[in-house]
Structures are given as C-alpha cells and as structure tokens.
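Undergrad: Dropping the structure in here first, questions after.
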Amino acid sequence: MHWSDKKADKTYEVPDDIIDLSFSIRCKHLPLEHAYSFTQAVMRALPWIENEPDCGIHLIHGAGSSNGWIRPENPDTELLHLSHRTRMAIRIPKGRIDDANKLTGKILDIDGHELTVGDSKIKSLSKLDTIFTRYLVTDPGLDEAAFVEKVIKSLEAMDIPVYKILCGLSHNLKTPNGPVHTRSVMLAELTAQQSVLLQQRGLGPLRTMGCGLFIAHKGIAAVKEASEK
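Per our numbering, numbering of the sequence shown is gapless, rising by one per residue and ending at 231.
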C-alpha cells in the first residue's frame, strides 16, 4: 500500500466524449466466472467494439459483491444471482451510442444462460477522487510491492501522480487459453481531471474483458478498514 496526502480538486466539468452506456437486463443468474463468455457474447453482437481503442465491457456484479474485495467461496461452481435492478454496461465513445444501442432486444447466450438486453441510458464518467478497478492484469509471479510499483510507474507515464493506492484480492479470470491473472486496485485523492482521464483511457490490456476499467467508489475508508480485519 502506498499512502500520502493531498487536497482534492472539486471544480471540473466532465467531458462527454467517452461515456458508459448502461442497459437494463432480464437474466436470473449467470456463471460467477462469466468474464470470457459474457464479453465474447457482447462482441459477437457488436463486432466493432473489439477494435475500438476507447471501448471496454464492464463485467456484471450482483448485490453484495463488495466491489470485488471479497473472494467467493466456490468460484468454479457458484452462480451469480441477479435482481431486476442489475444492469450491464459498456464504455464507449459518444459517437458509438447509436451503434451500441443495437444491443437492445438481443438475447445473449452466456454459457447456456440467456440474458435479454433492454433499453439503455447514458451515464457520464465520474469526477469523484476515488476510483477503482476490480481487475487489473498482472504477472502471477509479481508480489504486491512490485505490482504497486509497476502500477505507479504506469500512472506516472500518464502524468497521474499517485497519492493513495490500495490493492485488493487477486483473481484469475478463466479463458480457453488459460487464466488471466488480475488484482483489484483502488486510487484515492485524484484530481477530477486525473480521475476522468484514467476512466477514459483505462489501464493495461483486456478492457473488452472487463480489465483495467475504473469506476467511482464512495471512498477508501471502508475498504481500508475491511482490509485490516
């Protein structure tokens, strides 16, 4: 964990060139390990998304997922039970909204589980100073200190100084070519510009498989507290 103090930047108007397009869905449950099958289903429906550099596909998380900071007991066998409020989302350039809305009405087959895509709504990126990604691709042999150092260097290359960073649990995303090793990462006390920039660009590979996509978090205190229990 890397920690220092700075003042938050509260004045900023979020640009709308990159947005999250959030869809209502009808689906009772999905495999807990659905990253590959779900994102492949989305890319079959929207084949252009794979080659669009500013696009990403958020994985679906049900209530009680604790923002990815608690490991499920049996990830190989558990199902993710979804409520009627659960949504799916993709991160896209504003100019792709009409193309992406072709998802509405489609039925996606996710390892034998049907997901019907409903209507969409546009969600602006957040200017909150605390953001996190549930899955950041990493080398399985990298310990936490080395991982943090690598993340800090990657962010500094984007002119984003790191004041507070917290790593969560590691997680392997299953693919036909073997596991993708990831860790969750939270950053706090960013300026609004830095927060939005990182949400726009993402970090690391496989953003069309849910990796390196940052979203807002209500604050670091609760997660830091949980990590110390």
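Every residue gets a Cβ at the ideal spot worked out from N, C-alpha and C, and that includes glycine. Since the structure is predicted, the reported quantities are computational estimates derived from the model, not experimental observations.
Decide if the stretch 147-166 is in contact with the stretch 44-58; the criterion is three or more beta carbon pairs, one per stretch, under 8 Å apart.
TA: Judged by Cβ distances under 8 Å, the stretch 147-166 makes no contact with the stretch 44-58, as fewer than three pairs qualify.
Undergrad: Looking only at its chain, what residues have a beta carbon closer than 6 Å to the beta carbon of Thr118, apart from the 5 residues adjacent to it on each side?
TA: Here residue 118 refers to the residue found at position 116 when the sequence shown is read from its first residue. Only Arg28, Ile109 meet the Cβ criterion.
Undergrad: Distance, Cα to Cα, Arg73 vs Arg185?
TA: Taking the sequence shown and counting its residues from 1, the one referred to as residue 73 is at position 71. Taking the sequence shown and counting its residues from 1, the one referred to as residue 185 is at position 183. Confidence at Arg73 is low in this model, with a pLDDT of 46, below 50, so its placement is unreliable and no value can be given for it.
Undergrad: Asp19: which of Leu81, Lys125, Leu157, Asp145 sits nearest, CA to CA?
TA: As a working note, residue 19 is residue 17 in the sequence shown. Among Leu81, Lys125, Leu157, Asp145, the Cα nearest to that of Asp19 belongs to Lys125.
Undergrad: Is Leu82 near Ile133, with beta carbons less than 8 Å apart?
TA: Stepping through the sequence shown from its first residue, residue 82 is reached at position 80. Stepping through the sequence shown from its first residue, residue 133 is reached at position 131. No.
Undergrad: In the structure shown, what three-state DSSP assignment does Asp158 receive?
TA: Numbered from its first residue, the sequence shown carries residue 158 at position 156. In the sequence on display, residue 158 carries Glu and not Asp. Three-state result, Glu158: helix.
Undergrad: Extract the residue ranges of the alpha helix (DSSP H) inside the stretch 133-195, only unbroken runs of 4 or more that lie entirely within it.
TA: With a minimum length of 4 residues, the continuous alpha helix (DSSP H) runs that stay inside the stretch 133-195 are 146-158.
Undergrad: Given Asp131, which residues of its chain have a CB within under 8 Å of its CB, disregarding the five upstream and five downstream residues?
TA: Stepping through the sequence shown from its first residue, residue 131 is reached at position 129. Cβ neighbours of Asp131 beyond the five flanking positions: Ala10, Asp11, Ala190, Glu191, Leu192, Thr193, Ala194, Ser197.
Undergrad: Keeping to the same chain, check which residues put their C-beta closer than 7 Å to that of Leu105; ignore five residues upstream and five downstream.
TA: The residue labelled residue 105 in the question sits at position 103 within the sequence shown. Phe25, Ala47, Leu48, Val119.
Undergrad: Alpha carbon to alpha carbon, what distance is there between Arg136 and Gly107?
TA: Here residue 107 refers to the residue found at position 105 when the sequence shown is read from its first residue. Here residue 136 refers to the residue found at position 134 when the sequence shown is read from its first residue. C-alpha separation (whole angstroms): 28 Å.
Undergrad: Quick check on DSSP: helix, strand or coil for Thr41?
TA: What you label residue 41 is simply residue 39 of the sequence shown in a count that begins at 1. DSSP places Thr41 in helix when its eight states are reduced to three.
Undergrad: Tell me Asp22's beta-bridge partners as DSSP assigns them.
TA: Taking the first residue of the sequence shown as 1, we reach residue 22 at position 20. In the DSSP output, where bridge partners are listed per residue, Asp22 has Arg93, Lys125.
Undergrad: Would you give the residue range spanned by the beta strand (DSSP E) that Asp111 belongs to?
TA: The residue given as residue 111 occupies position 109 in the sequence shown. Note, Asp111: beta strand (DSSP E), 109-112.
Undergrad: So what's Leu205 in DSSP terms, helix, strand or just coil?
TA: Within the sequence shown, residue 205 is the residue found at index 203, counting from 1. Coil, per DSSP.
Undergrad: Does DSSP classify Val119 as helix, strand or coil?
TA: Numbered from 1 along the sequence shown, position 117 holds the residue referred to as residue 119. Note: Val119 maps to strand in three-state DSSP.
Undergrad: Under a Cβ-count criterion, where at least 16 other Cβ atoms within 10 Å of its own Cβ denotes burial, should Ser122 be classed as buried or exposed?
TA: What you label residue 122 is simply residue 120 of the sequence shown in a count that begins at 1. Ser122 comes out buried.
Undergrad: For Leu64, I'd like the list of residues in its chain whose CB is within less than 8 Å of its CB, leaving aside the five on either flank, ordered along the chain.
TA: If you number the sequence shown from 1, residue 64 lands on position 62. For the sequence presented, residue 64 should be read as Gly rather than Leu. Result list for Gly64: Leu82, His83, Leu84, Ser85, Thr88, in chain order.
Undergrad: Buried or exposed: which applies to Leu215, given that a residue is buried once 16 or more other Cβ atoms fall within 10 Å of its Cβ?
TA: As a first step, residue 215 is located in the sequence shown; it is residue number 213 there, counting from the start. Buried: at least 16 other Cβ atoms inside 10 Å.
Undergrad: DSSP beta-bridge partners for Gly58?
TA: Here residue 58 refers to the residue found at position 56 when the sequence shown is read from its first residue. Note: Gly58 sits in a beta bridge opposite Arg93.
Undergrad: Just to confirm the assignment, what range does the alpha helix (DSSP H) spanning Asp101 have?
TA: The residue you call residue 101 lines up with position 99 of the sequence shown. Start and end: 99-102.
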